[in-house]
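Below is one structure, written out as structure tokens, with a few remarks after it.
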Ligand SMILES: [Zn+2]
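Numbering (my numbering), first residue to last: 13 to 574.
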């Protein structure tokens, strides 16, 4: 099977950069270890809520001793894991780094592919179109900087590792953390990896149960619209399937124990690869996925999410203690952020229309278009029914017998440009008809044709969409779901989701901790695009094209406006 072609190598990306030539001198002592900590789906509100709890230790310490940007939000429309991580990794919009979604349709091949898909290795960052902080660090220190990244999700690990770092993610098939030939030639994987996989599960208890006394929880446990993973009910305790089974490995991803084994591997890496031990700065990225899976399955307002945050709080506290003892206080610089926010389970959202919570649900079930069903894989399948219905609508209105929409791989609608040209139809008219049809559905708020992105005229949603448009990857029309709806598989797999251009999906924490930073709470609006330029400045690395200015509360240049 052929996949999309790979992009230009890193050297070409760096060479194209006009500011790359002016390599800045390292000024001051850069931190010996920089840690990028991404908590998948952690919202700004929850971070604050937990940091202010008397019972908090980890969040509280970060909040009280770090530089906290209270008003941080993404300024791109598709609030999803891959675009978020790639934005943190590169410091630029998806319209520049090219990772526009978790999946997008490849016209070349005729089906959707995951953002981390690589023809040769299966998974790699080869579809990144911009240099990462990791790449720049690698180049600046001629390969001497150690760069590692770990996550349960492949897309949580590969972007922050860049093209030269080593990424590790979790496989439910093998039941452990894996890497591949892009990072290590076959057989050359580090010994500590298999050793860790053999021992990691010994610390996992038989069930996920409440950390605190039951009466201290503010959120209800048993709610009708929760969708627990296979083998679990909606209520605590959540007993794991027998160790070693596929279901066991799957359930671990939906529990705080998944974060615990991820953090365990991060520490194994720090120790076995001697991160932060010499004068060359090292970079470790950790993306914790449990908050995301739990939020999807039980909703962000569930007792499961509440317990998860209590446990995450402790995990963060233990990790900070660990970094203090292993690397030394003041010698590491840590940033905490997230790849996207979250919205409630739509059925429980205030003011939600109970008939319009999920797009393309069973009510819409119609015969699948035969050609589409053979052309799209499971990732696009959730949208096939509406594509089939949309095609029938367009065909009857325009009196043609070809499908004019190839697929909707949310949030993009991809039109059959060849057929539209052959039938001598006007793309704008077809797009307008399709847009009107979609917008008549209560689950769809609006559609935005790509032709509109050139002139947004102050329309904020349009601007957010422009920041995720990438030539050759985006479709011809962006589909915005209604605030209390989300595009769901049929039947739904998840209870709740994110991905929209609405503020709850965009607001995330951005904070920095360590390296003798002076504590501050800053209300000036920033974005996760500020993270890479800020860390680069702290590490004495040159700025890249399209970067924001570093955050001066962190980089501490006297005389510069704060
Ligand atoms: Zn995510």
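Virtual Cβ for every residue (Gly too), placed ideally from N, Cα, C.
The beta carbon of residue 542 is closer than 6 Å to those of 560 and 563 in its chain, skipping five residues each way along the sequence.
Sequence-distant Cβ neighbours of residue 249 in its own chain, meaning closer than 7 Å and more than five residues away, are 219, 220 and 221. Taken in chain order, the complete beta strand (DSSP E) segments of 3 or more residues contained in the region 48-101 are 79-81. At the C-beta level, residue 102 and residue 544 come within 8 Å of one another. The beta carbon of residue 308 sits no closer than 7 Å to any heavy atom of ligand 1. The DSSP assignment places 203-211 as complete runs of the alpha helix (DSSP H) inside the region 185-223, in order along the chain (cut-off: 4 residues). Looking at the DSSP output, residue 419 shares a beta bridge with 426. The beta carbon of residue 468 sits closer than 7 Å to the beta carbons of 474, 475 and 478 from its chain, once the five residues preceding and following it are set aside; these are given in chain order.
A direct Cα-Cα distance of roughly 15 Å separates residue 290 from residue 150. Here residue 471 carries a coil assignment [DSSP, helix/strand/coil]. Spatial neighbours of residue 304 in its own chain (CB-CB distance under 6 Å, excluding positions within 5 residues in sequence) are listed in chain order as 52 and 53.
In this chain, the beta strand (DSSP E) harbouring residue 348 covers 344-349. Closest by C-alpha distance to residue 508, out of 194, 238 and 428, is 238. With a cutoff of 8 Å on beta-carbon distance, residue 455 and residue 512 are scored as not near each other. With contacts defined as CB atoms closer than 8 Å, residue 195 and residue 179 qualify as a contacting pair. Residue 52 has its Cβ nearer than 7 Å to a heavy atom of ligand 1. Non-local C-beta neighbours of residue 311 in its own chain, meaning closer than 8 Å and more than five positions away in sequence, comprise 235, 237, 238, 317, 356, 357, 360, 507 and 508, ordered along the chain.
Distance check between residue 345 and each of 546, 108, 241 and 420 places 546 closest, using alpha-carbon atoms only. In this structure, residue 148 keeps its C-beta atom at 8 Å or more from the C-beta atom of residue 425. Minimum Cα-Cα distance from residue 369 among the listed residues 88, 442, 495 and 126 corresponds to 495. Sixteen is the threshold: when 16 or more other Cβ atoms of the shown chains lie within 10 Å of the Cβ of residue 492, as they do, the residue is buried. In the structure shown, residue 539 falls within a coil segment according to DSSP collapsed to helix, strand and coil. In this structure, the straight-line span from the alpha carbon of residue 555 to that of residue 143 is close to 11 Å.
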